[in-house]
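Below is one structure; the comments refer to it alone.
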Amino acid sequence: MMRRENCCRVEKISKLCKVNENDEDSEAEGIDDDDDGHPIVLIRRRNGVSADKNVVFMQWQGVQPRAKKSVKFAENHSSNTYEPDLSGDVTCLDGSSSSDDQGEVLENVEDVLDSSQGDDEALMEVHLTIVMSQPEQPQTPRFCIGYALHPQKIQNLIQPSLLYYTKQHGIDLLHIDLTIPLINQGSFHCIIHKLYSHDWNKLHLHEYLEKYPNTLIMDHPHLVEQLHNRVSMLEPMTHLEISPGNYTVGVPKQLVADDNSAMEEMGLSLRFPIIAKPLFSDGTASSHELCLIFDREGLRTLNNQNNNNSGIVLQEFVNHGGVVFKVYVAGEHVRCVKRKSLLDISEGKLRTLKGLVKFSQISNSRVEERSENRTENVIEKAEMPPEELVMELGRGLREAMGLNLFNVDVIRDANDYNKYLVIDINYFPGYTKLPCYEPFITAFLLDSIRNKTA
1 MMRRENCCRV EKISKLCKVN ENDEDSEAEG IDDDDDGHPI VLIRRRNGVS
51 ADKNVVFMQW QGVQPRAKKS VKFAENHSSN TYEPDLSGDV TCLDGSSSSD
101 DQGEVLENVE DVLDSSQGDD EALMEVHLTI VMSQPEQPQT PRFCIGYALH
151 PQKIQNLIQP SLLYYTKQHG IDLLHIDLTI PLINQGSFHC IIHKLYSHDW
201 NKLHLHEYLE KYPNTLIMDH PHLVEQLHNR VSMLEPMTHL EISPGNYTVG
251 VPKQLVADDN SAMEEMGLSL RFPIIAKPLF SDGTASSHEL CLIFDREGLR
301 TLNNQNNNNS GIVLQEFVNH GGVVFKVYVA GEHVRCVKRK SLLDISEGKL
351 RTLKGLVKFS QISNSRVEER SENRTENVIE KAEMPPEELV MELGRGLREA
401 MGLNLFNVDV IRDANDYNKY LVIDINYFPG YTKLPCYEPF ITAFLLDSIR
451 NKTA
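Just so we're aligned, residue 1 is where the sequence shown starts under UniProt numbering, counting upward by one.
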């Protein structure tokens with residue numbers, strides 16, 4: 001074993017002129033740098049000692065072995081220097097090889113050594129130069145992908161780990177200024193975004209696409225709009241036929257109260273408890289103000305609080321074991337994780353609950369009475385949906401909506417374990433909540449661009 005600190009090392013020498021612990025007639029040692037400053041290893045053959053093969057594993061520090069060589073001694077020459085490159089070829093640097101065929105250089109040394117046995121005066125040296133710099137590699141194409149996101153989303157998604165991972169795989173992620181027309185910010189292979197109509201008005205997307213029609217917009221704004229309405233977002237589910245095995249996938253019973261005068265009567269046609277959601281999910285704080293309604297009095301309270309007479313979606317709450325399954329979709333890539341959700345509400349418990357409670361207050365109310373340990377235990381014990389169901393759901397919704405970046409909130413009916421329900425669909429969710437989200441996003445981006453240019 002030989003070692004040159006701070007530069008390179010030879011990991012193993014096997015059967016090289018019987019260079020091993022039991023051979024005192026041969027030696028392999030590190031020596032000084034050559035004329036070009038490369039560290040070299042001298043392998044010296046003495047006294048006609050023969051071997052049937054010489055193998056050297058060469059490794060640059062921190063990297064897997066980059067060369068495994070059987071080096072042939074060039075006949076009638078006392079010294080040869082070989083330089084391995086990343087592809088594994090060997091080049092004779094000093095021109096002393098008796099053959100121009102590099103394949104012959106790599107052959108076993110048995111014949112050459114056997115022919116020289118008995119010549120005690122013979123001294124054969126092989127200088128293996130271990131290259132410290134990486135050889136030039138073929139230029140890989142690079143793709144410029146712009147991200148048009150609001151500051152909070154940028155802070156969440158565009159982590160240093162993602163920037164590094166995408167860069168290593170040929171992608172340059174560039175920030176798009178939402179206050180400047182796109183056409184003044186250069187061209188992109190692809191643009192990813194989470195924007196609303198007023199944002200696009202400032203960017204003048206149509207003007208940009210007239211000049212750069214080949215840019216891939218992920219996803220097109222008019223297709224994203226369907227997820228800004230809590231009725232149209234679930235509409236595609238009514239057309240999907242997903243039933244792997246004995247399982248079914250649907251949506252909870254729901255209706256829309258377009259004005260306050262009808263809200264109370266319409267709500268009474270549903271089974272309590274009821275989840276009330278603003279009709280529009282437009283990214284504003286008010287669009288996330290959900291509440292849980294337990295009785296008729298709760299409907300009246302909601303009616304009184306709805307001052308602007310905006311539409312409200314009333315959806316039956318379904319007991320689901322306190323776990324929600326989040327299916328993340330990025331093109332053809334689909335992953336599912338489980339997260340905590342509202343605990344089941346029994347009939348007895350429901351009789352003790354009055355009025356309504358906002359979701360933001362549920363953790364501090366009598367609705368939720370569970371310890372952190374119990375929460376973790378519930379999530380851990382929850383059985384994941386069948387992979388086939390998850391993949392079919394992701395693929396089916398992607399095709400039905402024409403969207404690539406979204407997640408789906410799915411629950412399992414506690415009263416019918418074969419029944420799954422989709423309760424919400426979100427565009428461009430928080431992918432950082434996925435373990436190892438960087439390869440997930442990067443693979444999707446590369447697939448999208450390559451499919452576009454194919």
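Heads up, the beta-carbon is just placed ideally off N, CA and C, and yes, glycines get one too.
Check                                                                                                      : Outcome
Residue from I154, E383, T301, E388 whose Cα sits closest to the Cα of F325                                : E383
Nearest neighbour of T140, chosen from L163, D172, P160 [CA to CA]                                         : D172
Runs of alpha helix (DSSP H) wholly within the segment 295–322 (minimum 4 residues, chain order)           : 296–305
Buried versus exposed call for A148 [16 or more other C-beta atoms within 10 Å across all chains shown]    : buried
Span of the beta strand (DSSP E) around D424                                                               : 419–427
Length of the line joining the Cα atoms of D199 and L178                                                   : 7 Å
Per-residue DSSP class, three states only, for F143                                                        : strand
Three-way DSSP call (helix, strand, coil) for Y431 in this model                                           : helix
Between the CA atoms of E207 and Y420 - distance to the nearest angstrom                                   : 44 Å
Proximity below 7 Å, CB of S281 to CB of R230                                                              : yes
For L389 and I242, the rounded distance between their alpha carbons                                        : 7 Å
Burial state of E392 (16 or more Cβ within 10 Å)                                                           : buried
Where A285 falls, given that 16 or more other Cβ within 10 Å makes a residue buried                        : exposed
Endpoints, beta strand (DSSP E) assigned at G250                                                           : 248–250
For M218: DSSP bridge partner residues                                                                     : I192
Distance CB(T442)-CB(T166) smaller than 7 Å                                                                : yes
T442 in three-state terms, based on DSSP                                                                   : helix
Per-residue burial, R398 [other beta carbons within 10 Å of its own, 16 or more giving buried]             : buried
Q361, buried or exposed, once every other Cβ within 10 Å from all chains shown has been counted against 16 : exposed
Beta carbon of A414 nearer than 7 Å to that of N319                                                        : yes
Terminal residues of the alpha helix (DSSP H) in which K253 lies                                           : Neither: K253 is in no alpha helix (DSSP H) and is coded neither H nor E.
Beta-carbon proximity check, E317 vs P278, cutoff 7 Å                                                      : For the sequence presented, residue 317 should be read as Phe rather than Glu. The answer is no: Cβ separation not under 7 Å.
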